[in-house]
Structures are given as C-alpha cells and as structure tokens.
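Asks:
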Amino acid sequence: MSSLPFGQQIVSVKPIPVPAPGRGIDLQVKVTAPRSGQNLPVIVFSHGNAWSLDGYEPLVDRWAAAGFVVVQPTHLDSRRNAIGWDDPRFATIWRVRIADLHAILDNLGDILAQAGLESRVDHERTAVVGHSWGAQTAGAILGARVFDADGVPGEDFSHSAVSAGALIAATGTGDTLTPFAAENLPFMKPDFSTMATPALVIAGGKDQSQLSTRGPEWFTDAFHLSPASKSLLTIAEAEHTMGGIAGERVAETSDEDPARVVLLADAISAYLRAALGIDHVEWTALGSTAEDGEGTWSIASK
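The numbering of the sequence shown is the numbering used here, which starts it at -17 and goes up by one.
1. Taking the straight line between their C-alpha atoms, what separation do you get for Val244 and Arg44?
2. Which residues bound the alpha helix (DSSP H) around Gln118?
3. Tell me where the alpha helix (DSSP H) around Phe162 begins and ends.
4. From the DSSP output, read off the bridge partner residues of Gln10.
5. Apart from the five residues just before and just after Ala272, which ones in its own chain have a Cβ nearer than 8 angstroms to its Cβ?
6. With DSSP as the reference, label Asp104 as helix, strand or coil.
7. In terms of residue numbering, what span does the alpha helix (DSSP H) encompassing Pro240 cover?
8. Mind checking which residues open and close the beta strand (DSSP E) that includes Ile75?
9. Please state whether the Cβ-Cβ distance between Gly277 and Ala220 is less than 8 angstroms.
10. For the alpha helix (DSSP H) that contains Thr271, what are its first and last residues?
11. For Asp68, count neighbouring Cβ atoms within 10 angstroms of its own Cβ and tell me buried if that reaches 16, exposed if not.
12. State the DSSP-derived secondary structure class of Gln54, mapped to helix, strand or coil.
13. Please classify Gly91: does DSSP put it in a helix, a strand, or coil?
14. Measure the Cβ-Cβ separation of Asn63 and Ile7 and say whether it is below 8 angstroms.
15. Measure the Cβ-Cβ separation of Ala185 and Leu124 and say whether it is below 8 angstroms.
16. Check Val144 in the structure and name its three-state DSSP category.
17. Quick test of the definition: if touching needs 3 or more C-beta pairs under 8 angstroms, does the segment 41 to 56 touch the segment -10 to 1?
18. What do you get for His141, buried or exposed, if any count of 16 or more other CB atoms within 10 angstroms of its CB means buried?
19. Classify Gly49: buried if its beta carbon has 16 or more other beta carbons within 10 angstroms, exposed otherwise.
20. Please look up how many angstroms separate the CB atoms of Leu268 and Ala257, rounded, as I've assumed it's under 8 angstroms.
21. Is Asp104 closer than 8 angstroms to Leu22 when the C-beta atoms are compared?
22. Could you tell me which of Arg5, Arg231, Asp130 and Ala163 sits nearest to Thr195, measuring between CA atoms?
23. Identify which residue in Ser145, Ala241 and Ala32 has its Cα closest to the Cα of Arg61.
24. From Met(-17) to Ala249, what does the alpha carbon distance come to, in whole angstroms?
25. Along the chain, where does the alpha helix (DSSP H) containing Leu41 start, and where does it finish?
26. For the alpha helix (DSSP H) that Phe27 lies in, which residues bound it at each end?
27. So, is Arg107 buried or exposed, given that buried needs 16 or more other C-beta atoms within 10 angstroms?
28. Could you name the residues that DSSP lists as bridge partners for Asp173?
29. Kindly list the residues whose CB is nearer than 7 angstroms to the CB of Asp189, restricted to its own chain and excluding five residues on each side of it in sequence; keep chain order.
30. Could you work out which residue in Glu238, Ala241 and Gly229 is closest to Pro40 when comparing CA atoms only?
31. Closest by CA to Thr216, which one among Pro209, Ile227, Leu207 and Arg242?
Take a look at the structure:
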C-alpha cells in the first residue's frame, strides 16, 4: 500500500473499553492519531459486516496521517463474535451497531483521555464514516431512518455531536431486495429523506450487490434521495471492496488496487476538512482534478 502522506508518524491505542450496558459483549474501540498536532478533528468509523477494530488500516492510517483522530469499534457482527444469520441476536444487531456509535459519541471525551489525546482534539469537529453495513449505520447517525414493514419511517437516530460524514458503498432503498435479503436483512430499507447532515457518498461503478436486483446505481441512492448538501464520488472500476480498503490482500477483495484506496481515503479527508470548516483547498482541488480524470472517477454535488 502507498506510504503515508507527508511522512507523518501515527500511533494507535487499543483496546479502550466503552460503557454499553445490556450489550452482552463488551464494546471496545481502537484510536489512531497523528503523533503531533493540535485541534484535531475526529472520525468515528463503522466497519462492514464481520470486520473489527483491526480492519481498514489502509484508510484509517492515511486519515490519521492527514490529521484526523480515528475511533473504530468492533460491532457485534464481527466474525470474532461468531454471531451468524441464524443467531437470534442477529435480527437486532443493526440497532446495536447504531447504539455503539452513540455510546462512542457520548463518551468521546473519556475515550480520548484514555488514549492520551483529550487536549489535542477539537470536539466541535466530529464526523462519522462507514463502509457497507457500516455505511448504513453511519447514515443513521446522519439522520437516515429505516422503513418498517408498513412503509413507515422508524425513529430518529441522529446525533447532535456529528457535523458531517462519508458513506462508502451504502445500500440503497429496500424495494428491490433479493428474497434472501428481504428475509434476513429486513432493516435494509433506508429512508434517506431525513438525512440532512452534509455527507460524501462513494459508489463503485462495478459494485453489483447480491442483495438487490438493481445494478451499481443502487449505491447512489443515499446521494440522490437525501437533501442537500451532499456530494457523490463515483469510481468507475470500483467494486464493493473499493480496491481493498479493509486491508491488503484480504480474501474478500475482488478489485485489488492500492491507488484506488488512496484516492478514496484522500477524497474523504478532503471532503471532511471542507465540511467541518477546516479548509476547502484540498476538496476544491480534487473537484478540478476530477475533470481531468478521463472518466475513471467523477464528483457530483448538490
């Protein structure tokens, strides 16, 4: 994988316990940060199905080197917890995932203190990012809801501490779910109409989900169906693993491309720096670069 930008050194602290009463399995997080710098913004990252706080190092390390403090939980669906589709706990994991992010955001000061970072962080600049199932989890924190069986939007899970976000390969609307998805993942029916917090949506032009009968455009719903302000980064050749964002040479990666991972990581850093009011230089420059990208990737905004 590409070296870290600017030669920046980073450090990680794990595991850090987070209070989560009634969860059954203790909630733990990993915190990764640059070794130097003050007034650092925070990213709370939600992993995709089966992963853990030890995944997504190519993204997390690059964000930390770019000046972010990144907090990563291990959700209940992590393969290390061995909770399968047939486990009675699986049906409510989507709610526990959202509760995990709330617990982190509510206890962020203590988490950062345990990592030795509390005095170096700007608590007014916090974002959420997620991939796949993690993108739906993060989307709920940004204001998206879930339709019930009667098509009625569920409760509001948004969190006031979050000012921006990024959704990587976020599942689209639930009207075209495959029979398997409809039976086992009934929560995969997002309502984006209330997702008002600024966000960057990232979609792969070759991301063909086995959970929907629609094509790759399914993963753009979070952009098209949510209110402004939103931006959409479409990477033409990307599949669901976006070049290998979960790690180098991991088994599930179908489109290994380190340069694609760097593009995605740096685009999210640039977007969040702009959305959090730090600076717009990198995001503006990226938009100009997209015009010269020969169609390999594009950015749209509203």
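Yeah, the Cβ is synthetic: ideal placement off N, Cα and C, and Gly gets one too.
Replies: So, from the listed chains and residues:
1. Counting from 1 along the sequence shown, the entry for residue 244 is found at position 262. Counting from 1 along the sequence shown, the entry for residue 44 is found at position 62. Val244 and Arg44: Cα-Cα distance of roughly 8 angstroms.
2. For this step, residue 118 is matched to residue 136 along the sequence shown. Element bounds for Gln118: Trp115 to Ile123.
3. Here residue 162 is taken as the residue at index 180 of the sequence shown, counted from 1. Segment Pro161 to Asn166, the alpha helix (DSSP H) holding Phe162.
4. The count along the sequence shown starts at 1 and reaches residue 10 at position 28. Note: Gln10 sits in a beta bridge opposite Pro(-1).
5. In the sequence shown, the residue the question calls residue 272 occupies position 290. Once the five neighbours on either side are set aside, the close Cβ partners of Ala272 are Trp279, Ser280 and Ile281.
6. The residue given as residue 104 occupies position 122 in the sequence shown. The DSSP-derived three-state label of Asp104 is strand.
7. Within the sequence shown, numbered from 1, the residue matching residue 240 stands at position 258. Counting along the chain, the alpha helix (DSSP H) containing Pro240 begins and ends at Pro240 to Ala257.
8. Residue numbering aside, residue 75 sits at position 93 when the sequence shown is read from its first letter. Going by DSSP, Ile75 is part of no beta strand (DSSP E) but of the alpha helix (DSSP H) stretching over Ile75 to Asp88.
9. One-based indexing of the sequence shown puts residue 277 at position 295. One-based indexing of the sequence shown puts residue 220 at position 238. No; because the gap between Cβ atoms is not below 8 angstroms, this pair is not in contact.
10. Counting from 1 along the sequence shown, the entry for residue 271 is found at position 289. Looking at the DSSP string, the run of the alpha helix (DSSP H) that includes Thr271 is Val263 to Ala272.
11. If you number the sequence shown from 1, residue 68 lands on position 86. Its Cβ having fewer than 16 others within 10 Å, Asp68 is exposed.
12. One-based indexing of the sequence shown puts residue 54 at position 72. Residue state, collapsed to three classes: strand.
13. In the sequence shown, the residue the question calls residue 91 occupies position 109. Helix, per DSSP.
14. In the sequence shown, counting from the first residue as 1, residue 63 sits at position 81. In the sequence shown, counting from the first residue as 1, residue 7 sits at position 25. Closer than 8 angstroms, so yes.
15. The residue given as residue 185 occupies position 203 in the sequence shown. The residue given as residue 124 occupies position 142 in the sequence shown. Going by C-beta atoms, Ala185 is not nearer than 8 angstroms to Leu124.
16. Position 162 of the sequence shown holds residue 144. Val144: coil per DSSP, three-state reduction.
17. The answer is yes - the segment -10 to 1 touches the segment 41 to 56, with three or more Cβ pairs under 8 angstroms.
18. Taking the sequence shown and counting its residues from 1, one reaches residue 141 at position 159. Result: buried.
19. For the purposes of this step, residue 49 is taken as the residue at position 67 of the sequence shown. Looking at its Cβ environment, which holds 16 or more other Cβ atoms inside 10 Å, Gly49 is buried.
20. Translated into the one-based positions of the sequence shown, residue 268 becomes position 286. Translated into the one-based positions of the sequence shown, residue 257 becomes position 275. Cβ-Cβ separation between Leu268 and Ala257: approximately 13 angstroms, too far for a contact (criterion under 8 angstroms).
21. As a working note, residue 22 is residue 40 in the sequence shown. As a working note, residue 104 is residue 122 in the sequence shown. Cβ distance < 8 angstroms, so Leu22 and Asp104 count as in contact.
22. To locate residue 195, count along the sequence shown from 1; it is residue 213. Per the Cα distances, Ala163.
23. As a working note, residue 61 is residue 79 in the sequence shown. Measuring from the Cα of Arg61, the nearest candidate turns out to be Ala32.
24. Counting from 1 along the sequence shown, the entry for residue -17 is found at position 1. Counting from 1 along the sequence shown, the entry for residue 249 is found at position 267. At Met(-17), the pLDDT of 37 sits below 50, so the modelled position is not reliable; the number obtained from the coordinates is stated separately. In a straight line, the C-alpha of Met(-17) is about 17 angstroms away from that of Ala249.
25. Position 59 of the sequence shown, counting from 1, holds the residue named residue 41. Per DSSP, Leu41 belongs to the alpha helix (DSSP H) from Glu39 to Ala47.
26. Numbered from its first residue, the sequence shown carries residue 27 at position 45. Here Phe27 belongs to no alpha helix (DSSP H); instead the beta strand (DSSP E) covers Leu22 to Ser28.
27. Position 125 of the sequence shown, counting from 1, holds the residue named residue 107. It is buried - the Cβ of Arg107 has at least 16 other Cβ atoms within 10 Å.
28. In the sequence shown, residue 173 corresponds to position 191, counting from 1. Paired residues: Arg127.
29. Here the question's residue 189 lines up with position 207 in the sequence shown. Non-local beta-carbon contacts of Asp189 in its own chain, meaning distances under 7 angstroms to residues more than five positions away in sequence, involve Ala151, Pro198, Phe201, Ala220, Glu221 and His222 in chain order.
30. The residue labelled residue 40 in the question sits at position 58 within the sequence shown. Among Glu238, Ala241 and Gly229, the Cα nearest to that of Pro40 is on Gly229.
31. As a working mapping, residue 216 is identified with position 234 in the sequence shown. Here the closest residue by C-alpha is Arg242.
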